[in-house]
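Numbers in the working numbering are just positions in the sequence shown, counted from 1, shifted up by 939. Only one structure is covered here, and it is reproduced in the block below.
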Amino acid sequence: MKNFIIIILIAAGILQLLLALLMPWKRILAMYEENGKVISNKGKFIFCQRFLYLLIGGYMILVAFLINKDIIKSTGEILIMGVSLMILTFLPTLNKYKYFK
């Protein structure tokens, strides 16, 4: 079970890192503007979104590494890491509302 969790975390972390680097942010901004959204600072919005996706991906890989090296052993610690990861995944969504008018 531990190996399965590690594989999922590493795969999801790599996916988040790839999303941060390869996602067509300018096209996404154009799509938002077509739907009537006004974005106050486009450059800062793209930077923040990329940074948050990189943060989430790095955190997933870090947690997988800590579980693999038996630094995190108890179920409670894994649960705390999981809850903090769930909170982190909502940050890009909340960031959108900061820049939309």
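Ideal Cβ positions, reconstructed from N, Cα and C, are used throughout, including at glycine. Owing to the predicted nature of the structure, the values given are computational and were not obtained by experimental measurement.
To the nearest angstrom, report how far apart ASN974 and PHE1039 are at their CA atoms.
Here residue 974 corresponds to residue number 35 of the sequence shown, with the count starting at 1. Here residue 1039 corresponds to residue number 100 of the sequence shown, with the count starting at 1. Straight-line Cα distance between these residues: approximately 12 Å.
Which value, in whole angstroms, describes the spacing of the CA atoms of PHE1004 and MET940?
Counted from its first residue, the sequence shown places residue 1004 at position 65. Counted from its first residue, the sequence shown places residue 940 at position 1. PHE1004 and MET940: Cα-Cα distance of roughly 15 Å.
Is the distance from the Cβ of TYR998 to the Cβ of ALA959 below 8 Å?
Here residue 998 is taken as the residue at index 59 of the sequence shown, counted from 1. Here residue 959 is taken as the residue at index 20 of the sequence shown, counted from 1. With contacts defined as CB atoms closer than 8 Å, TYR998 and ALA959 fail to qualify as a contacting pair.
Within 10 Å of its beta-carbon, does LEU996 have 16 or more other beta-carbons around it, so buried, or fewer, so exposed?
The residue you call residue 996 lines up with position 57 of the sequence shown. Here residue 996 is Gly; the residue named in the question, Leu, does not match the sequence. So GLY996 ends up on the buried side.
Pick from VAL1002, ASN1007, LYS1008: whose alpha carbon is nearest that of LEU1018?
Along the sequence shown, one-based indexing puts residue 1018 at 79. Restricting attention to VAL1002, ASN1007, LYS1008, the CA atom closest to the CA of LEU1018 is found in VAL1002.
I want to know whether the segment 972-988 touches the segment 1018-1028 - three or more CB-CB distances under 8 Å.
no
Might you give, ordered along the chain, the residues of its own chain that have their beta carbon closer than 7 Å to the beta carbon of PRO1031, omitting 5 neighbours on each side?
Counting from one through the sequence shown, the residue named residue 1031 turns up at place 92. Scanning its chain for C-beta atoms nearer than 7 Å, with the 5 sequence neighbours on each side dropped, one finds around PRO1031 the residues GLN988, LEU991, TYR992, in chain order.
Could you spell out the range, first to last residue, of the alpha helix (DSSP H) harbouring ILE978?
For this step, residue 978 is matched to residue 39 along the sequence shown. Segment: none, ILE978 is in no alpha helix (DSSP H) and carries neither H nor E.
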